[in-house]
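Single-structure report; data block below.
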Amino acid sequence: NAGVMQNPRHLVRRRGQEARLRCSPVKGHSHVYWYRQLPEEGLKFMVYLQKENIIDESGMPKERFSAEFPKEGPSILRIQQVVRGDSAAYFCASSPTSDRPSFFGPGTRLTVL
Amino acid sequence: TQLLEQSPQFLSIQEGENLTVYCNSSSVFSSLQWYRQEPGEGPVLLVTVVTGGEVKKLKRLTFQFGDARKDSSLHITAAQPGDTGLYLCAGEAGGTSYGKLTFGQGTILTVHP
Chain A
1 NAGVMQNPRH LVRRRGQEAR LRCSPVKGHS HVYWYRQLPE EGLKFMVYLQ
51 KENIIDESGM PKERFSAEFP KEGPSILRIQ QVVRGDSAAY FCASSPTSDR
101 PSFFGPGTRL TVL
Chain B
114 TQLLEQSPQF LSIQEGENLT VYCNSSSVFS SLQWYRQEPG EGPVLLVTVV
164 TGGEVKKLKR LTFQFGDARK DSSLHITAAQ PGDTGLYLCA GEAGGTSYGK
214 LTFGQGTILT VHP
C-alpha cells in the first residue's frame with residue numbers, strides 16, 4: 001500500500017537548529033499539501049505545491065519556513081532556527097489533481113527542546 | 114477567515130448508543146469532508162459531500178450536508194468500541210481554494226464496551 005510517506009516520523013531538535021521534513025506523495029500524484037497540527041488545535045493549511053512550483057503559501061510563516069517539491073524526489077518542508085513554538089505534528093497530503101487532498105501521510109512529530 | 118466549529122468536543126458513550134457530531138460555519142463551502150484520525154496517525158478520509166442537502170451513508174455512519182452548505186453532521190448508529198477516535202470535519206471554499214481545507218477542532222469519541 002504505497003500511500004503518502006513521511007519521514008522522519010519523530011524529530012527532536014534544539015532551539016536554533018534546522019528541521020527538514022520529507023514527504024513522498026502517492027505514486028503519480030503531482031500535488032502536495034502541508035498542514036500543521038499544533039497541540040490542542042486543529043489542522044491548519046500551510047502550503048500547496050505542484051511539481052517545481054509553489055502555488056499557495058499563504059498559511060506558511062513568512063520567516064524561517066520554506067517548502068519545495070522538486071522534479072525528482074520528495075517534497076521538503078524546511079524550518080530554520082526552530083523555536084519551541086514550532087513543536088507540532090506536520091502532515092503532508094497528496095492528490096492527483098488540483099482538487100482537495102486525497103490522502104494524508106502519518107505525519108512528522110517535531111519536538112523542539 | 115472561514116471557521117468551522119465542531120461540537121461536542123468530547124463524547125463518551127456506551128456501546129450500542131447512537132450519537133451525532135455537528136460541524137457549523139457562517140461561511141458557505143463548496144464541499145465538506147469528514148475524517149477520522151487515530152493517535153499518532155494522519156487523518157483518513159471518510160466521506161466528501163458537495164451538494165446542499167446531500168446525505169451519504171457508510172455502514173453505520175450517516176453524513177449530511179446542510180441545504181445552505183454551511184453545516185454538516187455525522188451520525189453513528191449503534192456505536193462500537195472500534196469507532197473510538199478523533200473525528201474531523203473540513204470545508205473547502207469555492208473558487209481557487211484547491212485543497213486549502215479549513216478544519217474543525219475535532220470531536221474525540223470514546224465508546225466504552
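As given, the protein sequences belong to chains A and B, one line each in that order.
Residues in the first sequence are numbered from 1 upward in steps of one, following the numbering used here.
Residues in the second sequence are numbered from 114 upward in steps of one, following the numbering used here.
All C-beta atoms in this analysis are idealised placements derived from N, C-alpha and C, irrespective of residue type, glycine included.
For the segment 78–98 of chain A, the beta-carbon criterion of a distance under 7 Å to any beta-carbon of chain B is satisfied by Phe91, Ser95 and Ser98.
If you compare the alpha carbons of Arg78/A, Lys71/A, Phe45/A and Pro106/A with that of Gln6/A, the shortest gap goes to Pro106/A. A distance below 7 Å between beta-carbons, with the five flanking residues on each side excluded, links Val83/A to the following residues of its chain, in chain order: Arg15 and Val112. Here the segment 122–138 of chain B makes no contact with the segment 149–158 of chain B; the two share fewer than three CB pairs at distances below 8 Å. Straight-line measurement puts the Cα of Leu222/B at about 10 Å from the Cα of Pro194/B. Where Met46/A is concerned, the enclosing beta strand (DSSP E) starts and stops at Leu43 to Gln50. With contacts defined by Cβ atoms closer than 7 Å, Val162/B and Leu187/B do not form a contacting pair. One Cα belongs to Pro96/A, the other to Ser30/A, and the distance between them is close to 6 Å.
Asp196/B carries a helical assignment under DSSP once its states are collapsed to helix, strand and coil. Exposed is the label assigned to Gly73/A, since fewer than 16 other Cβ atoms lie within 10 Å of its Cβ.
Taking a C-beta cut-off of 9 Å against chain B, the contacting residues of the segment 39–63 of chain A are Glu40, Glu41, Gly42, Leu43, Lys44, Phe45, Tyr48, Ile55, Asp56, Ser58 and Gly59, listed in chain order. Shortest Cα-Cα distance from Pro39/A to any of Asp86/A, Cys92/A and Pro70/A involves Asp86/A. Cβ-Cβ separation between Gly28/A and Val47/A: approximately 21 Å, too far for a contact (criterion under 8 Å). From the listed residues Val4/A, Pro70/A and Val32/A, the smallest Cα separation to Glu52/A is found for Pro70/A. Here Gly212/B is buried. Its C-beta has 16 or more other C-beta atoms within 10 Å.
In the three-state scheme derived from DSSP, where H, G and I count as helix and E and B as strand, Asp86/A is classed as helix. Taking the C-beta atoms as reference points, Thr215/B is found nearer than 7 Å to Gln115/B. Assignment of beta-bridge partners to Asp184/B by DSSP yields Asn137/B.
Rounded to whole angstroms, Trp147/B and Ser98/A show a C-alpha spacing of 19 Å.
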